[in-house]
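With the first letter of the sequence shown counted as 1, position 1 gets the number 31 in our numbering; the numbers rise by one all the way through.
Glycine residues also receive a C-beta, built at the ideal position from the N, C-alpha and C atoms.
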Amino acid sequence: MRIFCSIFLLAISPLLSLPTGMQNVEGEVAAPILNEDGSLLIKSGERSSADWDSFSIGPNEHVIFEQASVNSSFLNRVIGNEGSELLGRLSSNGSIFLINPNGILIGPSAEIEAASF
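Quick look at the structure:
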């Protein structure tokens, strides 16, 4: 029974649920880098914003915003049709804003480390 449940959960959960389809809107934003450890690194300037097709973080995933300073901010707007599920780890040395008209779910095991969120 345990094997069946594990296979079923694997089949219905996405293999990779990191943010996708970034379009820079304002400020300095480098293209996201997928690190060898599977984390997604996004480097930006003092005040930046981007539109995303989707913005979710899976249970074992990590999204890192490396900003110019602790006073920096990054506005993320989801323009796709899916809600955001933050189930893994989100970290930043500055402030992070996430807007999704389809909803945002922060899971019980999610970790958010930022100057503000």
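DSSP places residue 78 inside the beta strand (DSSP E), whose first and last residues are 77–82. Contact between residue 145 and residue 120 does not hold, since the beta-carbon distance rounds to 12 angstroms and is not under 8 angstroms. Counting along the chain, residue 136 sits inside the beta strand (DSSP E) bounded by residues 134–136. Residue 137 and residue 115 have their C-alpha atoms roughly 7 angstroms apart.
Going by beta carbons, residue 91 and residue 68 fall inside the 8 angstroms limit. For residue 135 and residue 113, the gap between their C-alpha atoms comes out near 8 angstroms. Between residue 84 and residue 57, the C-beta gap is not smaller than 8 angstroms, which leaves the two residues out of contact. In this structure, residue 106 sits near residue 129, with a CB-CB distance shorter than 8 angstroms. Within the same chain, 113 and 114 come within 8 angstroms of residue 133 by CB-CB distance, once the 5 residues on both sides are set aside. For residue 100, no beta strand (DSSP E) run applies, since DSSP gives it neither H nor E. Looking at 55, 89, 47 and 126, the one whose alpha-carbon comes closest to that of residue 99 is 126. At least 8 angstroms separates the beta-carbon of residue 51 from that of residue 89.
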